[in-house]
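Participant:
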Amino acid sequence: MGSEDIIKFLTNIQGIGKAKAEAIVKGGFDSIEKLKEADIKELSSIKGISEELAKKIKEEAEKQLLRPGGAEAVKKEEEKVREKKTEEKAEEEKEEKPEEKKGEVVEEVKEEAEEKEVRKEKVEEPEKKKVKPKIKPKLTSELKDALEKRKIRKEKEPTFRRQEWFRYKRLGECWRRPKGLHSKMRKGLKYRPPRVKVGYRGPKLARNLHPSGFEEVMVYRVEDLKKINPERQAARIGGTVGTRKRIEIIRRADELGIKVLNRGEL
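Counted from 1, the sequence shown has number 29 at position 20 by the working numbering; the numbering is strictly sequential.
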């Protein structure tokens with residue numbers, strides 16, 4: 010009997026599942042005769058099997074062998090398994106031995122190998138995608154300096170949140186001007202959150218400019234691109250524009266050399 014047949018036999022016994030049956034087979038009890046001759050202590054040493062279960066297994070194994078043709082059938086099945094194993098070993102040995110190849114076959118194999126090499130040489134390398142250079146604005150030295158200063162100022166800028174945003178869950182974190190008559194935040198007393206003030210503004214030259222240095226211009230039609238100066242201005246497509254018209258605007262902008270700030274994944 011194979012290991013699968015023994016596992017089926019064991020799982021039919023009450024109290025033994027597939028995991029326990031596999032553990033018994035791994036323990037070396039891979040035939041019904043071994044189970045019958047096994048010692049109860051050896052069986053009970055396997056994880057999950059008590060002495061009572063071990064006795065039950067032995068009893069069931071004895072019953073199986075006492076059935077008409079039980080022992081003979083078991084022996085026949087074991088012999089079949091052994092024969093299969095010997096046949097498999099013989100086939101493996103045959104495969105390991107190098108067969109004598111005829112001259113014609115060797116020549117054909119060589120020709121095929123040469124053809125493959127020629128094909129590999131002919132196969133051209135895949136063309137690398139050309140990376141388009143980013144469109145950049147023409148900025149004066151003063152404007153570049155203003156953008157750098159604005160960037161530094163922005164990094165130091167605190168986060169402005171509404172009064173008592175931390176106290177109640179219903180209040181959001183977005184900024185709201187304090188309007189209370191007795192509000193200490195409105196009065197600007199010490200140890201209160203920062204308020205929006207004019208002093209936090211950046212340089213005048215860099216105001217209302219995109220971080221890249223472009224001046225943003227809203228675009229809703231292809232005709233709106235004619236008004237844009239590509240050296241200083243960049244297009245931002247409106248949110249109400251559909252996909253078809255959006256694609257047309259992006260294509261036309263690429264032709265004119267205009268930067269589109271919200272291209273998306275089209």
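Think of the CB as a built atom: it goes at the ideal place given N, C-alpha and C, for glycine as much as any other residue.
May I have the straight-line CA-CA distance separating I259 from K153, to the nearest angstrom?
Facilitator: Their Cα atoms are separated by approximately 27 Å.
Participant: Which class does Q23 belong to by DSSP, given the choice of helix, strand or coil?
Facilitator: Looking at Q23 - three-state DSSP - the assignment turns out to be coil, as it is neither helix nor strand.
Participant: Give a yes or no on whether 8 Å exceeds the smallest Cβ distance from R179 to chain B.
Facilitator: Absent here is chain B; the protein component of the structure consists of one chain.
Participant: Taking the alpha-carbon positions, what's the R170 to K158 distance?
Facilitator: If I take the Cα positions, the gap works out to 24 Å.
Participant: Take the Cβ of K172 as the centre, count every other Cβ of all protein chains shown within 10 Å, and call the residue buried at 16 or more, exposed below.
Facilitator: Here the sequence assigns Gln to residue 172, which means Lys is not the residue at that position. So Q172 counts as buried.
Participant: Tell me the DSSP secondary structure of E240 in three-state form.
Facilitator: Of the three classes helix, strand and coil, the one that applies to E240 here is coil, per DSSP.
Participant: Within the continuous beta strand (DSSP E) that includes E224, where are the two ends?
Facilitator: Per DSSP, E224 belongs to the beta strand (DSSP E) from 224-228.
Participant: Please report how far the alpha carbon of A47 lies from the alpha carbon of I55, in whole angstroms.
Facilitator: Distance between the alpha carbons of A47 and I55 is about 12 Å.
Participant: Go through its chain and collect everything with a Cβ distance to V231's Cβ below 8 Å, but skip five positions before and after it.
Facilitator: Here the set comprises K254, E257, I258, R261.
Participant: Which two residues bound the contiguous alpha helix (DSSP H) that contains E151?
Facilitator: Where E151 is concerned, the enclosing alpha helix (DSSP H) stretches over 150-165.
Participant: Using a Cβ-Cβ cut-off of 7 Å (strictly less than) and excluding sequence neighbours within five positions of E69, which residues of its own chain qualify?
Facilitator: Counting only Cβ-Cβ distances below 7 Å, and skipping sequence neighbours, we find I22.
Participant: On the three-state DSSP scale, how would you describe I55?
Facilitator: Residue state, collapsed to three classes: coil.
Participant: Let me know if L190 comes out buried or exposed under the rule of 16 or more other beta-carbons within 10 Å of its beta-carbon.
Facilitator: L190 is exposed by the Cβ-count criterion.
Participant: When the Cα of S150 is compared with those of K188, A215, L52, which residue comes out closest?
Facilitator: Looking at the Cα atoms, A215 is the closest of the given residues.
Participant: Name the residue from K235, D233, E224 whose alpha carbon lies nearest to the alpha carbon of A243.
Facilitator: Of K235, D233, E224, the residue nearest in Cα terms is E224.
Participant: Are L52 and A63 close, meaning C-beta to C-beta below 8 Å?
Facilitator: Contact flag set, yes.
Participant: So what does DSSP say about A28, is it helix, strand or coil?
Facilitator: Three-state DSSP puts A28 in a helix.
Participant: For P146, which of D39, V250, Y200, R241 has the nearest alpha-carbon?
Facilitator: The shortest C-alpha separation from P146 is found at R241.
Participant: Could you compute how far the alpha carbon of R186 sits from the alpha carbon of L180?
Facilitator: Distance between the alpha carbons of R186 and L180: 13 Å.
Participant: In chain order, what residues of the same chain lie with their CB nearer than 8 Å to the CB of T20, ignoring the 5 residues before and after it?
Facilitator: Counting only Cβ-Cβ distances below 8 Å, and skipping sequence neighbours, we find G26, K27, A30.
Participant: Check the DSSP bridge columns for L218 and list the partner residues they point to.
Facilitator: L218 pairs with E224.
Participant: Consult DSSP for V34 and reduce its assignment to one of helix, strand or coil.
Facilitator: Three-state DSSP puts V34 in a helix.
Participant: Might you give, ordered along the chain, the residues of its own chain that have their beta carbon closer than 8 Å to the beta carbon of G273, omitting 5 neighbours on each side?
Facilitator: Here the set comprises R255.
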